[in-house]
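One structure is given below, encoded as structure tokens.
Residue numbers (the working numbering), protein chains in the order written: chain A, 19 to 368; chain B, 52 to 189.
And the structure:
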């Protein structure tokens with residue numbers, strides 16, 4: 019399977035060879051034309067054919083020119099056919115590569131999930147003595163009046179609490195926690211989720227909503243999806259938090275909702291949510307890594323690196339898809355697709 | 052029920068968790084504790100003493116015989132014997148499987164002392180007061 023590097027190389031080689039061909043042709047044709055003009059070869063040929071009419075030289079010459087022209091036309095036709103074939107191959111190849119990368123990512127997530135699940139179990143075991151017996155040590159230290167050691171114990175117990183929370187998050191990633199779903203109107207659910215998120219986001223960040231109502235007359239759309247409301251909240255909140263961080267907690271985040279189809283399957287209707295920020299966008303080299311657990315471009319104290327992986331897992335649990343792009347206007351765009359169950363429109367009383 | 056007459060079987064493969072359970076039960080005043088490191092050991096002990104324990108505390112994930120299998124085999128002999136299942140898995144299917152097999156109580160790791168004590172108290176409160184009555188008769 020040719021890789022993208024090969025295709026790009028191939029394309030540039032083709033371009034180079036075409037340029038070279040044109041150059042060589044001009045190198046031959048220009049001097050040749052000048053020779054023809056200045057030596058009057060054509061006039062001599064013309065006189066010669068007039069002199070030998072019965073040899074029908076001009077007829078043969080005409081046929082020769084005609085075949086040359088036909089040949090050229092056929093060649094050009096063939097070249098264009100080849101060109102479009104190559105373009106099609108290119109596109110298919112890119113799609114295949116994208117699909118393969120997505121597949122590999124998914125497999126990685128599954129493998130990581132299994133590992134994480136096993137590890138989480140072992141760590142829960144290891145935490146048991148701390149959680150179960152820590153308070154007795156604390157009590158004894160309290161009785162003995164060891165104020166310094168009590169401080170140490172507080173830190174120990176606090177840290178083990180943090181470890182416990184971390185395990186809970188990791189268990190979500192490894193599908194150890196199963197969600198309960200209900201049929202909801204996607205537009206309503208999303209609206210409610212955004213209101214919740216807005217309350218927690220820094221006030222210097224504005225969230226602009228679009229696509230929740232039709233343009234004129236205010237037709238409210240209904241689109242039903244199978245959804246876990248807490249899951250949806252976690253998905254939106256984590257993406258918003260990521261976006262806000264990318265913009266240094268200042269600026270606008272745009273959220274659009276629409277009814278469309280899945281990107282790869284035009285027959286599957288989907289509820290689509292786009293979240294765009296005004297940040298610097300996501301550098302191409304880290305794009306494949308953003309959903310990797312514990313991968314973070316932030317300081318270790320600012321986050322666990324589990325936000326986006328959790329989003330990915332939750333979206334998959336909703337049988338949806340997620341796409342990330344740097345749109346031409348700048349920033350980054352997260353597109354979420356959720357499968358539609360039923361859709362109807364209701365005209366709002368104005 | 053007199054604390055000294057309580058006999059407990061603890062089945063757990065992690066030795067630190069086993070020790071923790073022993074100590075936590077100790078803090079509740081229970082000292083007669085038999086420890087087993089997997090379901091098979093637990094079953095053979097139960098057979099030895101004719102299932103005469105006050106209650107059982109067992110882990111879910113164990114080698115050779117899982118906690119669930121152990122629970123089911125105990126239930127085949129004694130449907131009333133109080134059984135507390137300890138596990139790191141809190142997902143629905145595990146809980147349902149345990150409930151289906153008549154587990155008496157359920158606690159997820161890592162649990163606090165209070166969480167365990169609450170469940171033990173519930174079990175002890177349900178214990179028949181025969182012993183004391185028997186003492187009273189004589």
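All C-beta atoms, glycine included, are put in the ideal place defined by N, C-alpha and C.
Keep in mind the model is a prediction, meaning the values are calculated, not measured.
Residue(s) in a DSSP beta bridge with residue 60(B): Among the bridge pairs identified by DSSP, residue 60(B) is matched with 85(B) and 107(B).
Identified DSSP bridge partners for residue 270(A): 224(A), per the DSSP bridge assignment.
According to DSSP, residues forming a beta bridge with residue 351(A): In DSSP, residue 351(A) forms a bridge with 294(A) and 343(A).
Limits of the unbroken beta strand (DSSP E) element including residue 308(A): Neither: residue 308(A) is in no beta strand (DSSP E) and is coded neither H nor E.
From 83(B), 146(B), 102(B) and 103(B), residue whose alpha carbon lies closest to that of residue 54(B): Comparing Cα positions, the closest option is 83(B).
Span of the alpha helix (DSSP H) around residue 79(A): First-last of the alpha helix (DSSP H) with residue 79(A): 75-162.
Where residue 154(A) meets chain B, residues with beta-carbon distance less than 7 Å: Those are 78, listed as they occur along chain B.
Test: residue 68(B) CB closer than 9 Å to a CB of chain A: Any Cβ of chain A closer than 9 Å to the Cβ of residue 68(B) would place that residue at the interface, and such an atom is present.
C-alpha gap between residue 131(B) and residue 177(B), whole angstroms: In a straight line, the C-alpha of residue 131(B) is about 11 Å away from that of residue 177(B).
The region 138-164 of chain A: positions lying closer than 8 Å to chain B by Cβ: Result list: 138, 139, 142, 143, 144, 145, 146, 147, 148, 149, 150, 151, 153 and 154.
Sequence-distant residues of the same chain with beta carbon closer than 6 Å to residue 1(A), five excluded per side: As shown, chain A starts at 19 and ends at 368. That puts residue 1(A) outside it, with no answer to give.
Same chain, Cβ closer than 7 Å to residue 145(A), neighbours up to 5 away in sequence not counted: So the list reads 178, 181 and 182, once near-sequence residues are dropped.
Three-state secondary structure (DSSP) of residue 242(A): Reduced to three states, the DSSP call for residue 242(A) is strand.
Residue 153(B) versus 99(B), 105(B), 121(B) and 114(B), residue with shortest Cα-Cα distance: Taking each of 99(B), 105(B), 121(B) and 114(B) in turn and checking the Cα distance to residue 153(B), the smallest one comes out for 121(B).
Spatial distance of residue 363(A) from residue 203(A) (CA atoms): Low confidence applies here, because residue 363(A) scores a pLDDT of 40, under 50, leaving its location unreliable; read the following figure in that light. Rounded to whole angstroms, the gap between the alpha carbons of residue 363(A) and residue 203(A) is 11 Å.
Own chain partners of residue 261(A) with C-beta closer than 6 Å, once the 5 adjacent residues on each side are dropped: Excluding sequence neighbours, residue 261(A) sits near 271 and 295.
Residue 200(A): first and last residue of the uninterrupted beta strand (DSSP E) it sits in: Element bounds for residue 200(A): 200-203.
Given 8 Å, three or more beta-carbon pairs between the region 54-64 of chain B and the region 97-108 of chain B: With a cut-off of 8 Å, the region 97-108 of chain B and the region 54-64 of chain B count as touching, because enough Cβ pairs lie within range.
CB-CB length for residue 330(A) against residue 309(A), believed under 8 Å: The C-beta distance from residue 330(A) to residue 309(A) rounds to 4 Å, short enough to fall under 8 Å.
Closer than 9 Å to chain B by CB, residue 368(A): In this prediction, residue 368(A) has a pLDDT of 33, which is less than 50 and means its spatial position is unreliable; nothing more can be read from the coordinates.
Sequence-distant residues of the same chain with beta carbon closer than 8 Å to residue 343(A), five excluded per side: So the qualifying residues of the chain are 350, 351 and 353.
Residue 219(A), buried or exposed, once every other Cβ within 10 Å from all chains shown has been counted against 16: Note on residue 219(A): 16 or more other CB atoms within 10 angstroms of its CB, so buried under the neighbour-count rule.
Separation of residue 115(B) from residue 167(B), as counted between CA atoms: Distance between the alpha carbons of residue 167(B) and residue 115(B) is about 26 Å.
Close Cβ partners of residue 67(A) (< 6 Å) along its chain, the five nearest in sequence each way excluded: If we look at residue 67(A) and ignore the five residues flanking it on each side, its Cβ neighbours are 75 and 76.
Cβ of residue 182(A) within 9 Å of any chain B Cβ: With respect to chain B, the C-beta atom of residue 182(A) has a partner C-beta closer than 9 Å.
Interface flag, residue 177(A) vs chain B, CB-CB below 9 Å: Under the Cβ distance rule, residue 177(A) does not count among the residues neighbouring chain B, no pair being separated by less than 9 Å.
Test: residue 151(B) CB closer than 9 Å to a CB of chain A: No, its Cβ sits nowhere closer than 9 Å to a Cβ of chain A.
Delimiting residues of the alpha helix (DSSP H) encompassing residue 127(B): In the DSSP assignment, residue 127(B) falls within the unbroken alpha helix (DSSP H) covering 118-128.
Residues near residue 346(A) in its chain [Cβ-Cβ closer than 6 Å; skip 5 each side]: Hits under 6 Å: none found.
Buried or exposed by the 16-neighbour rule on C-beta atoms within 10 Å, applied to residue 127(A): Per the 10 Å Cβ criterion, buried.
C-beta atoms of residue 137(B) and residue 72(B) nearer than 9 Å: Going by C-beta atoms, residue 137(B) is nearer than 9 Å to residue 72(B).
Candidates 158(B), 128(B) and 172(B): closest to residue 101(B) by CA position: Taking only the C-alpha atoms, the option nearest residue 101(B) is 128(B).
Collapsed DSSP secondary structure at residue 157(B) in the structure displayed: It is a strand residue.
Residue 184(A) and residue 223(A) closer than 9 Å at C-beta: No. Outside cutoff.
Closer than 7 Å at the beta carbon, the chain A residues around residue 112(B): Listed along chain A, the residues sitting closer than 7 Å to residue 112(B) by beta-carbon distance are 139.
Residue 357(A), DSSP secondary structure in three states: The three-state secondary structure of residue 357(A), taken from DSSP, is strand.
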